[in-house]
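Peer 1: Got a structure for you, written out below as structure tokens; questions coming shortly.
There are 2 protein chains.
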Amino acid sequence: MSAQAIRQAAIRLFGRQGYAATPLSAIAAAVGIKAPSLYAHFRSKEDLFRTVFDEAVSVELQELMAAVTPEASVSDGLHRYLRETVGRYEATTHLPFLLRSIYLPPPQLAAHIRERDKVFSAELARRVEQALRGQTAFLPLGMPPDEAALAFIGILRGIHAELLYAGPDAAQRLTQALWRVYARALRPDGR
Amino acid sequence: MSAQAIRQAAIRLFGRQGYAATPLSAIAAAVGIKAPSLYAHFRSKEDLFRTVFDEAVSVELQELMAAVTPEASVSDGLHRYLRETVGRYEATTHLPFLLRSIYLPPPQLAAHIRERDKVFSAELARRVEQALRGQTAFLPLGMPPDEAALAFIGILRGIHAELLYAGPDAAQRLTQALWRVYARALRPDGR
DNA sequence: AAAGGTGCCTAACGTCTGTTAGTCTTCCTT
DNA sequence: AAGGAAGACTAACAGACGTTAGGCACCTTT
């Protein structure tokens, strides 16, 4: 019952302040109980983190699969995923938490995080390249698909960093500029 | 004498493990003294952080000014700064420290960090746009300079994120791919 | 109605960490 | 040679934090 509320509060607070800077007492207070009561639901602070991290990864994985499908065109798929990423950063709690955890993990949990993240990263890379190769069925690319895929992931990282650094508004402007650069570079004749 | 050694150790450890996860005893041990002895040189842990952060900002500012001069061409200036950023990430201690502090600051120090970083960000934006406008003296741009400047900063952020996420080797490959995309988008005819 | 589990509480422990107080040695200055 | 600052030490405190122990109320099951 309240285990769900605890997970939500943990994601929100870990995402905002980081793992080390979030005491269990803060999570407990957010759901209206005392810190020791958390131990009726989780074995330890690390256990709580692992639980919510795995949950957040699987949510983001579903978002990715919904946005970037093999059938969608590049602008319907890749561009949409970029825009939705920015939107989800303020609309959800799992994305801020995820970005923070992945880019600067708490040392003791780094191994677990890296392991789970590999699944997501591999799926991301696979889908991006798939989307780009699908594109060439209609229109040849101005550059090799593997290089274009690498650059897309770099652009996604730039948007991640801007989200962490300056928030969704700045990241939205950046997304526009980066996508225009990217789309222009993909055209075989540069238009 | 040893105040310098303390600053170096602090930058290295804060950069590797973060502010909260680095006890003063670790910094003291790194220079061969005990934790309370640090108070002969600094008023508090926060004071130590502020000192080394300001130092790191000023070092990076000088690097920027050396790489991106008004006279240099876009590829001599902007491209060089990207490549040197990746190189400095493993060759120096101040850049890992700086990226970590700026993207995910310790809450109590966020105000100070943001304030000092504004100076650097403003100078960065100014120089990038200057370099791009200088470019049009030789060759017109394929897109508006302010948009191209924004995209460049986004690309720099992508490289920052990749440095944090995967380290210098992956970041170097990413830099190549992103610069090729960027340079292609800048050409008036796309070549 | 009895029994047992669930979920919360308070009290408390042990550890870690930033910080202060007080002392001793070393070295430069006068 | 005397004096004093610099810079290190040990001892100790106070607070925060994760965690455990033990107990109490409520609800479901039998």
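Residue numbers (this note's numbering), protein chains in the order written: chain H, 1 to 191; chain G, 192 to 382.
For every residue, glycine included, the Cβ atom is placed at its ideal position computed from N, Cα and C.
Predicted, not measured: the structure shown is a model, and the values here were computed from it.
Tell me the start and end of each unbroken beta strand (DSSP E) in the region 306-360 of chain G that is at least 3 residues and wholly inside, in chain order.
Peer 2: None, since the region 306-360 of chain G contains no complete beta strand (DSSP E) of that length.
Peer 1: Exposed or buried, what is Gly-158(H) when buried is set at 16 or more other beta-carbons lying within 10 Å of its beta-carbon?
Peer 2: As a position in the first sequence, residue 158(H) is number 158, starting the count at 1. Gly-158(H) comes out buried.
Peer 1: Name the residue from Gln-321(G), Tyr-294(G), Ala-322(G) and Leu-323(G) whose alpha carbon lies nearest to the alpha carbon of Lys-309(G).
Peer 2: Counted from its first residue, the second sequence places residue 309(G) at position 118. With distances taken between Cα atoms, Lys-309(G) lies closest to Tyr-294(G).
Peer 1: Suppose contacts are defined by Cβ-Cβ distances below 8 Å. Is Ala-151(H) in contact with Leu-163(H) by that definition?
Peer 2: By one-based count along the first sequence, residue 151(H) stands at place 151. By one-based count along the first sequence, residue 163(H) stands at place 163. No. Outside cutoff.
Peer 1: Quick check on DSSP: helix, strand or coil for Ser-75(H)?
Peer 2: Locating residue 75(H) in the first sequence gives position 75, counting from the first residue. If DSSP states are grouped into helix, strand and coil, Ser-75(H) belongs with the helices.
Peer 1: Let me see if you follow: with CB-CB separation under 8 Å, is Leu-78(H) close to chain G or not?
Peer 2: On the first sequence, residue 78(H) is found 78 positions in, with the first residue counted as 1. Cβ-Cβ to chain G under 8 Å: no for Leu-78(H).
Peer 1: Evaluate the contact criterion for the region 284-292 of chain G versus the region 237-254 of chain G: three or more CB pairs, one atom per stretch, below 8 Å.
Peer 2: Yes, the region 284-292 of chain G is in contact with the region 237-254 of chain G.
Peer 1: In chain H, what lies closer than 7 Å to Val-372(G) by C-beta?
Peer 2: Locating residue 372(G) in the second sequence gives position 181, counting from the first residue. Neighbours of Val-372(G) on chain H, chain order: Ala-151, Val-181, Tyr-182 and Ala-185.
Peer 1: Secondary structure at Arg-173(H), three-state DSSP: helix, strand or coil?
Peer 2: Counting from one through the first sequence, the residue named residue 173(H) turns up at place 173. Helix at Arg-173(H).
Peer 1: Quick one: does Leu-365(G) have its CB under 8 Å from some CB of chain H?
Peer 2: What you label residue 365(G) is simply residue 174 of the second sequence in a count that begins at 1. Closer than 8 Å to some Cβ of chain H, the Cβ of Leu-365(G) qualifies, so yes.
Peer 1: Chain H partners of Tyr-356(G), CB-CB under 8 Å?
Peer 2: Walking along the second sequence from the start, residue 356(G) turns up at place 165. What Tyr-356(G) touches in chain H: Ile-102, Tyr-103 and Arg-157.
Peer 1: Could you check whether the region 250-266 of chain G touches the region 219-238 of chain G, counting it as contact only if at least three pairs of C-beta atoms, one from each stretch, sit closer than 8 Å?
Peer 2: No, the region 250-266 of chain G is not in contact with the region 219-238 of chain G.
Peer 1: Compare the Cα-Cα distances from Ala-9(H) to each of Ala-30(H), Leu-24(H), Gly-18(H) and Ala-20(H) and report the closest residue.
Peer 2: Taking the first sequence and counting its residues from 1, the one referred to as residue 9(H) is at position 9. Residue Ala-30(H) is the option with its Cα nearest to Ala-9(H).
Peer 1: Using a cut-off of 8 Å between C-beta atoms, extract the partners of Gln-17(H) located in chain G.
Peer 2: One-based indexing of the first sequence puts residue 17(H) at position 17. Going along chain G in sequence order, the residues near Gln-17(H) (Cβ under 8 Å) are Pro-298.
Peer 1: Assuming Ala-211(G) and Ala-20(H) form a contact by the criterion Cβ under 8 Å, report the distance between their Cβ atoms to the nearest whole angstrom.
Peer 2: On the second sequence, residue 211(G) is found 20 positions in, with the first residue counted as 1. On the first sequence, residue 20(H) is found 20 positions in, with the first residue counted as 1. With 8 Å as the limit, Ala-211(G) and Ala-20(H) qualify as a contact, their Cβ atoms being about 4 Å apart.
Peer 1: Name the two residues that bound the continuous alpha helix (DSSP H) containing Pro-287(G).
Peer 2: Here residue 287(G) refers to the residue found at position 96 of the second sequence. Counting along the chain, the alpha helix (DSSP H) containing Pro-287(G) begins and ends at 285-294.
Peer 1: Quick one: using the 10 Å Cβ neighbour count with 16 as the cut-off for buried, is Phe-49(H) buried or exposed?
Peer 2: Walking along the first sequence from the start, residue 49(H) turns up at place 49. Classification of Phe-49(H): buried, given that the 10 Å Cβ count is 16 or more.
Peer 1: Taking the C-alpha atoms as reference points, what is the distance between Glu-60(H) and Tyr-81(H)?
Peer 2: Numbered from its first residue, the first sequence carries residue 60(H) at position 60. Numbered from its first residue, the first sequence carries residue 81(H) at position 81. Cα-Cα distance, rounded: 11 Å.
Peer 1: Of all the CB atoms in chain H, is at least one closer than 8 Å to the CB of Met-334(G)?
Peer 2: Counted from its first residue, the second sequence places residue 334(G) at position 143. Judged by the 8 Å Cβ criterion, Met-334(G) is in contact with chain H.
Peer 1: Can you tell me whether DSSP reads Phe-42(H) as helix, strand or coil?
Peer 2: In the first sequence, the residue the question calls residue 42(H) occupies position 42. Looking at Phe-42(H) - three-state DSSP - the assignment turns out to be coil, as it is neither helix nor strand.
Peer 1: Pop quiz: Ala-125(H) and Ile-153(H) are said to be a contact at Cβ under 8 Å. What is the actual Cβ separation, rounded to whole angstroms?
Peer 2: Numbered from its first residue, the first sequence carries residue 125(H) at position 125. Numbered from its first residue, the first sequence carries residue 153(H) at position 153. About 7 Å; that satisfies the 8 Å criterion.
Peer 1: Assign Ser-75(H) to buried or exposed, taking buried as 16 or more other Cβ atoms, counted over all protein chains shown, within 10 Å of its Cβ.
Peer 2: Position 75 of the first sequence holds residue 75(H). By the 10 Å Cβ count, Ser-75(H) comes out exposed.
Peer 1: What did DSSP end up calling Arg-187(H) once you bin it into helix, strand or coil?
Peer 2: Residue 187(H) sits at position 187 when you count from the first residue of the first sequence. Here Arg-187(H) sits in coil by DSSP.
Peer 1: Could you give the residue range of the alpha helix (DSSP H) that holds Leu-204(G)?
Peer 2: Residue numbering aside, residue 204(G) sits at position 13 when the second sequence is read from its first letter. Element bounds for Leu-204(G): 193-208.
Peer 1: DSSP state of Thr-247(H), grouped into three classes?
Peer 2: Residue 247(H) lies beyond the range of chain H shown here (1 to 191); nothing can be said about it.
Peer 1: Distance check for Ala-5(H) and Gln-130(H), CA to CA, integer angstroms please.
Peer 2: Translated into positions along the first sequence, residue 130(H) becomes position 130. Translated into positions along the first sequence, residue 5(H) becomes position 5. Roughly 38 Å separates the two Cα atoms.
Peer 1: Could you please give the first and the last residue of the uninterrupted alpha helix (DSSP H) stretch that includes Ile-27(H)?
Peer 2: Numbered from its first residue, the first sequence carries residue 27(H) at position 27. That run of the alpha helix (DSSP H) goes 24-30.
Peer 1: Decide yes or no for the touch test of the region 330-342 of chain G against the region 165-180 of chain H: beta carbon pairs closer than 8 Å, at least 3 of them.
Peer 2: With the cut-off at 8 Å, the region 330-342 of chain G and the region 165-180 of chain H touch.
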